[in-house]
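Chains as they are written, first to last, in full-length UniProt numbering: chain A, 1 to 341; chain B, 1 to 341. Worksheet: one structure, shown below.
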DNA sequence: CCGATTGCCGTAAACGTTTCCGATCGGCGG
DNA sequence: CCGCCGATCGGAAACGTTTACGGCAATCGG
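Following this line, the structure appears as structure tokens:
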């Protein structure tokens, strides 16, 4: 069932059918209705490859995540939510979605760029990928519109959307302060990653604003994984003037810190309050449940497609570097910080 | 840069270029090499829409997951791993991947089927979706090749791949038996879901094989979520002749059972051993770490694309109902069952 | 030496759309 | 009545590939 067949049965030309189904004006309401009815009766669906061939646009955008190595478990937990959010946001905007795969081979740089031009993709959304991906560099350096969620790369037509890491961290510290804590330590992520650095900055800003002293040993670095949080907790709790609260830049590390407290015979939150970041699934499952700074996955998703559409529709003229979109976070207060919950 | 341009620069016809790049035999090695070199120099990439238009196949398969409502948290945790596995398996088989979206509107049944014929998709992989999805029913009833991972629906060209739920449950019970437990209870998932039913069957089979008595109150139903596991645990521990071990058909419920034990003043695993199912991320983060039956996500992924390719390549003749593919599981022994870990 | 075969390549027709360019027709003002 | 205009439609040319078909050498067997 193609457009010619449908045209024949409707007694009109293919041009008219096309116009009718695409809501063009130069068609009478009567014939439009007749064609519509016949189309749905016959189960006609236009052939997208043919459409993109002639229109030279595919209404499809590409999605890349996870860049080869699956490691970097920091993101993994909410990647799925992000993916889901992006998917629905895109389909609401009448875009199709194609998943791109980063090749394992070395010589395959430009694979993403190739995929984009092969399929006439109109843009690409990148999820939480480390910035040192060569395949991605090629893409970002090209003129392909790119929106990166929670990732850091720049390029001619690139926009970054991320959570307000600094403000989130600040809110966490503020929360601990209001609970009465004055000795608040932090365990950070790898500081070369922008989110980790921003969360540390927020922590520091809050401390100075609240007049809290931050001895250098109160700031210790982790790698976003469980074990590093446990080790960091052990270090922090061994300090003579030990902190009464810990803000961890990631939930896994926060849970690790709680383990360290348990090993030291300390009760959470009575002897030590802990706040994490991300709100991974496990945060609600551990005991005590983890207070954490939740990212707005849906918000990130819709902001990304919105920003991407901006880049796509932009005329070549106004290629001022697109402003990054910052999405607010939400503090989730649970048992690991507030007593009696 | 299209094939005509490349042909012009190579001094041959477009037919020859096409043959050269598609590894057809009727081209001399010399010209093939020249064309290859020129193509990569000029950054030529064939236009896929045009190819699919004329070849009438797209080398693309569709992926649908999560069927509208995001609920059913049972799967959520390892859905991401599954997705990743499917993606790499497909790209290894030189397929492209398109994400399908289930529409929110009611009248949009057949949306998936429409998408398939619009884009010339050659098959669809369905991830962990409840069988009562109308949009999916339409798809399964059609002649579109479908592979469903961990889901139950049948249709003319449909194949099911799932973990060996029964054997996994059996192994879990066996493990508890070997640790000396004789009073082993279970908390199941919603029994209308095939995985839940199969896990219960495995539990029962193991018990009869090992000569364990199963009082009816030892079998209690949950909904795969945390709270239901906690409630189930509370019920089980209130039994006069209370079980010393619990096999839960899902990790969240297992963790809930552990919470119930803690509330009852029981130590895990000393007073109560717990084994879960799925190996979600949180399983390794809780304390004690959760023993669980891990699903082989990668195995499920490759089996699904393999099965799907089988369906695609099958001539219309041999449409004997495809055999379901059963993927073995792996028992992960951690602190919640074995003391001293 | 001749007909048939083989290897290599070009011409052109598809594939299913969209859209430019006209054509037709009725109505309208002058 | 004439010319013009707007509304509605059809014809046909694209879009970038693949592939059936045919052609032209060179080779080969006899």
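By construction, the Cβ of each residue, glycine as well, lies at the ideal position given by its N, Cα and C atoms. Please read these numbers as outputs of a predicted model, since none were measured by experiment.
So for residue i, helix, strand or coil by DSSP?
i, result
"residue 27 of chain B", "coil"
"residue 294 of chain B", "strand"
"residue 5 of chain A", "helix"
"residue 247 of chain A", "strand"
"residue 330 of chain A", "strand"
"residue 209 of chain B", "helix"
"residue 278 of chain B", "strand"
"residue 84 of chain A", "helix"
"residue 193 of chain B", "coil"
"residue 12 of chain B", "coil"
"residue 221 of chain B", "strand"
"residue 266 of chain B", "coil"
"residue 181 of chain A", "coil"
"residue 69 of chain B", "With a pLDDT of only 48 at residue 69 of chain B, under 50, the local geometry of the prediction cannot be trusted, and no value is derived from it."
"residue 52 of chain A", "helix"
"residue 338 of chain B", "coil"
"residue 157 of chain A", "coil"
"residue 43 of chain A", "coil"
"residue 231 of chain B", "helix"
"residue 19 of chain B", "helix"
"residue 144 of chain B", "coil"
For residue i, tell me which candidate among the options has the shortest Cα-Cα distance.
i, options, result
"residue 220 of chain B", "B:298, B:143, B:246", "B:246"
"residue 215 of chain A", "A:224, A:78, A:240, A:166", "A:240"
"residue 180 of chain B", "B:54, B:269, B:1", "B:269"
"residue 204 of chain B", "B:226, B:143, B:167", "B:167"
"residue 63 of chain A", "A:300, A:127, A:19", "A:127"
"residue 4 of chain A", "A:195, A:27, A:38", "A:38"
"residue 217 of chain A", "A:152, A:243, A:307", "A:243"
"residue 288 of chain B", "B:265, B:337, B:35, B:264", "B:337"
"residue 120 of chain B", "B:161, B:140, B:212, B:56", "B:56"
"residue 132 of chain A", "A:156, A:306, A:194, A:117", "A:194"
"residue 30 of chain B", "B:209, B:307, B:94, B:10", "B:10"
"residue 100 of chain B", "B:117, B:93, B:92, B:94", "B:117"
"residue 184 of chain A", "A:192, A:18, A:210, A:103", "A:210"
Under the assumption that residue i contacts residue j (Cβ atoms under 8 angstroms), give the Cβ distance between them as a whole number of angstroms.
i, j, result
"residue 272 of chain A", "residue 334 of chain A", "That pair is no contact at about 15 angstroms."
"residue 129 of chain B", "residue 66 of chain B", "7 angstroms"
"residue 325 of chain B", "residue 303 of chain B", "5 angstroms"
"residue 282 of chain B", "residue 281 of chain A", "6 angstroms"
"residue 110 of chain B", "residue 138 of chain B", "5 angstroms"
"residue 80 of chain B", "residue 80 of chain A", "4 angstroms"
"residue 171 of chain B", "residue 331 of chain B", "5 angstroms"
"residue 20 of chain A", "residue 36 of chain A", "7 angstroms"
"residue 60 of chain B", "residue 96 of chain B", "4 angstroms"
Using the C-alpha atoms, what's the distance from residue j back to residue i?
i, j, result
"residue 32 of chain A", "residue 52 of chain B", "29 angstroms"
"residue 88 of chain B", "residue 112 of chain B", "23 angstroms"
"residue 188 of chain B", "residue 277 of chain B", "10 angstroms"
"residue 134 of chain B", "residue 16 of chain B", "48 angstroms"
"residue 223 of chain A", "residue 190 of chain A", "5 angstroms"
"residue 327 of chain B", "residue 163 of chain B", "5 angstroms"
"residue 254 of chain B", "residue 44 of chain A", "49 angstroms"
"residue 54 of chain A", "residue 48 of chain A", "10 angstroms"
"residue 322 of chain B", "residue 158 of chain B", "7 angstroms"
"residue 105 of chain A", "residue 122 of chain A", "25 angstroms"
"residue 267 of chain A", "residue 261 of chain A", "7 angstroms"
"residue 90 of chain A", "residue 98 of chain B", "13 angstroms"
"residue 2 of chain A", "residue 298 of chain A", "38 angstroms"
"residue 124 of chain B", "residue 250 of chain B", "27 angstroms"
"residue 46 of chain A", "residue 169 of chain A", "50 angstroms"
"residue 286 of chain A", "residue 226 of chain B", "10 angstroms"
"residue 344 of chain B", "residue 207 of chain A", "It is not possible to answer for residue 344 of chain B, since the shown part of chain B is limited to 1 through 341."
"residue 25 of chain B", "residue 142 of chain A", "35 angstroms"
"residue 84 of chain A", "residue 82 of chain B", "14 angstroms"
"residue 212 of chain A", "residue 199 of chain A", "17 angstroms"
"residue 140 of chain B", "residue 114 of chain B", "13 angstroms"
"residue 300 of chain A", "residue 248 of chain A", "22 angstroms"
"residue 182 of chain B", "residue 238 of chain A", "44 angstroms"
"residue 50 of chain A", "residue 329 of chain A", "43 angstroms"
Exercise for the section: Give a yes or no on contact between the segment 252–268 of chain B and the segment 227–236 of chain B, applying the rule of three or more CB pairs nearer than 8 angstroms. Expected result: yes
For the pair the segment 307–315 of chain A and the segment 143–153 of chain A, tell me if three or more CB-CB distances fall below 8 angstroms. yes
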